[in-house]
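Please read the structure below before turning to the comments.
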Amino acid sequence: MFLWQVPKLLLHRIFPNIRYSIWIDGKLQLVVDPYQILERFLWRQNANFAISRHYRRFDVFVEAEANKAAGKYDNSSIDAQVDFYRTEGLTPYSEAKLPIISDVPEGCVLIKEHIPITNLFTCLWFNEVDRFTSRDQLSFGIVRDKIMAKVDWHINMFLDCERRNFVIQV
Numbered sequence: 001m002f003l004w005q006v007p008k009l010l011l012h013r014i015f016p017n018i019r020y021s022i023w024i025d026g027k028l029q030l031v032v033d034p035y036q037i038l039e040r041f042l043w044r045q046n047a048n049f050a051i052s053r054h055y056r057r058f059d060v061f062v063e064a065e066a067n068k069a070a071g072k073y074d075n076s077s078i079d080a081q082v083d084f085y086r087t088e089g090l091t092p093y094s095e096a097k098l099p100i101i102s103d104v105p106e107g108c109v110l111i112k113e114h115i116p117i118t119n120l121f122t123c124l125w126f127n128e129v130d131r132f133t134s135r136d137q138l139s140f141g142i143v144r145d146k147i148m149a150k151v152d153w154h155i156n157m158f159l160d161c162e163r164r165n166f167v168i169q170v
């Protein structure tokens with residue numbers, strides 16, 4: 001586990017009275033008013049969690065292979081993680097999952113309304129990152145699917161090009 005994952009995924013534990021947050025990776029800089037981001041990605045969409053989808057991949061199994069090829073983590077750990085998720089019911093992405101449009105986020109920006117369900121989601125997501133690899137893109141889909149199977153909740157997964165309208169790389 002990396003220390004950045006605590007404020008990224010468990011911000012509500014650090015600031016328990018926070019209502020909204022926008023997590024932006026350290027390599028990025030915000031270039032618009034944060035209220036515009038909340039309005040565009042949460043309030044207009046009637047959502048309480050928003051994240052951009054990966055710019056290239058939307059299937060966890062394809063993402064795992066790309067991570068292994070890029071040497072992002074040791075291959076056996078990635079294999080163990082996706083094999084476990086497969087036994088837990090995660091399937092390759094297909095149109096059958098619609099209206100879900102991707103299983104793989106571009107996790108450099110998280111936009112959240114801190115209500116119990118989003119706090120639960122990020123706690124469970126953190127648990128997976130802590131249990132397996134720090135590659136949070138791999139665990140996002142399984143946690144989202146398990147919550148959505150029990151609760152009427154959806155995530156706004158917006159296009160990565162929209163993210164590039166409000167943050168720049170520094």
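Numbering (the UniProt record's numbering), first residue to last: 1 to 170. Backbone N, C-alpha and C define an ideal beta-carbon position, used for all residues, glycine too. Everything numeric in this text was worked out from a predicted model, so none of it was measured.
- CA-to-CA, the gap between F126 and D83 works out to about 19 angstroms.
- Take the alpha-carbon of Y85 and the one of I142: they are about 7 angstroms apart.
- Of all C-beta pairs linking the stretch 86-95 to the stretch 28-48, fewer than three are shorter than 8 angstroms, placing the two stretches out of contact.
- In this structure, the beta-carbon distance from F49 to V104 does not fall below 8 angstroms.
- Close CB contacts of N156 within its chain, under the 6 angstroms cut and outside five residues either way in sequence, are with F41, Q45, A47, A50 (chain order).
- Taking C-beta atoms under 8 angstroms as the contact rule, L138 and V62 fail to qualify, at a distance of about 11 angstroms.
- When rounded, the separation of the alpha-carbon atoms in K112 and L120 is 12 angstroms.
- Residue pairing by DSSP puts F49 in a beta bridge opposite K112.
- Here Q169 is bridged, per DSSP, to L28.
- Rounded to whole angstroms, I22 and D152 show a C-alpha spacing of 23 angstroms.
- Sixteen is the threshold: when 16 or more other Cβ atoms of the shown chains lie within 10 Å of the Cβ of L110, as they do, the residue is buried.
- The C-beta of L98 has fewer than 16 other C-beta atoms within 10 Å across all chains shown, which makes the residue exposed.
- In this structure, R13 keeps its C-beta atom at 8 angstroms or more from the C-beta atom of H114.
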